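Okay, structure first, notes after.
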Amino acid sequence: MSLILGIDPGSRTTGYGLITSQKGRLFYVASGCIRVKGDALSDKLLVVFQGVTELIKQFQPLEFAIEEVFMSKNASSALKLGQARGAAIVAAAAASLPVSEYSARKVKQAVVGNGGADKLQVQQMVMNILELDSCPQEDAADALAIAICHAHTQQMLIKVAGATHSRRGRLK
């Protein structure tokens with residue numbers, strides 16, 4: 008069994024999702040958002056770092072997956088997103104978790120089957136894959152999708168390598 012923490016970073020809202028992967032099946036554990044308040048960027052980054060650190064302490068995941076930064080038309084927004092992402096990655100690194108990064112397109116491809124899927128399609132598929140009764144909030148659904156993408160990627164790597172299982176992101 009592998010507990011995976013997925014993170015959808017943001018300078019205002021950072022989504023998180025935790026799933027377990029057992030014998031090729033995925034199960035929902037928890038999800039939600041770290042809401043960031045304040046004006047100073049340093050304060051916002053500290054909230055992201057502390058929030059992710061607390062999640063790691065509370066749930067003790069074995070793997071950590073996060074969305075890569077994408078270049079948007081607004082360079083300032085992309086820079087802030089990258090910094091929030093960095094704060095989350097440092098929290099994972101401080102806990103000695105292996106960090107895996109996935110592009111938004113790869114996440115959508117893994118979950119929906121279409122790299123150009125919209126947010127609603129991602130939410131619906133996350134709900135279906137994890138057999139949830141209700142649709143998770145958008146940022147939490149994105150984080151769960153990142154965790155699902157990671158689980159699928161790990162399963163594929165195990166099959167390709169002919170390994171029988173994976174521990175802490177390493178094939179055995």
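If you count the sequence shown from 1, position 70 lands on 77 in the working numbering, and the numbers rise without skipping.
Idealized CB from N, CA, C, for every residue including glycine.
Just so we're clear, the structure is a prediction, and the values are computed from it rather than from any experiment.
query                                                                                                                                              : result
Distance, Cα to Cα, GLY39 vs VAL167?                                                                                                               : 33 Å
Which residues in the same chain have their Cβ closer than 6 Å to the Cβ of GLN128, if we skip the five residues on either side of it in sequence? : VAL119
Determine the contact status of VAL3 and ALA152, defining contact as a CB-CB distance below 7 Å.                                                   : Not covered by the structure: residue 3. The range shown for the chain is 8 to 179.
TYR109: which of ILE136, SER103, GLY122 and GLN131 sits nearest, CA to CA?                                                                         : GLY122
Just confirm the distance between the C-beta atoms of GLY89 and VAL76, as a whole number of angstroms; I'd bet it's less than 8 Å.                 : 5 Å
Let me know the secondary structure DSSP gives ARG42 once reduced to three states.                                                                 : strand
Express the C-alpha separation of GLN162 and GLY22 in angstroms, rounding to a whole number.                                                       : 24 Å
Following the continuous beta strand (DSSP E) through GLY122, name the residue where it begins and the one where it ends.                          : Taken as a continuous stretch (DSSP letters only), GLY122 belongs to no beta strand (DSSP E), as it is neither H nor E.
Would you tell me roughly how many angstroms separate the C-alpha atoms of LEU180 and PRO16, rounded to the nearest one?                           : Because residue 180 is not part of the residues shown, which for the chain are 8 to 179, the question remains open.
CB-CB under 7 Å to MET132, same chain, minus the five flanking residues each way: which ones, in chain order?                                      : VAL118 and VAL119
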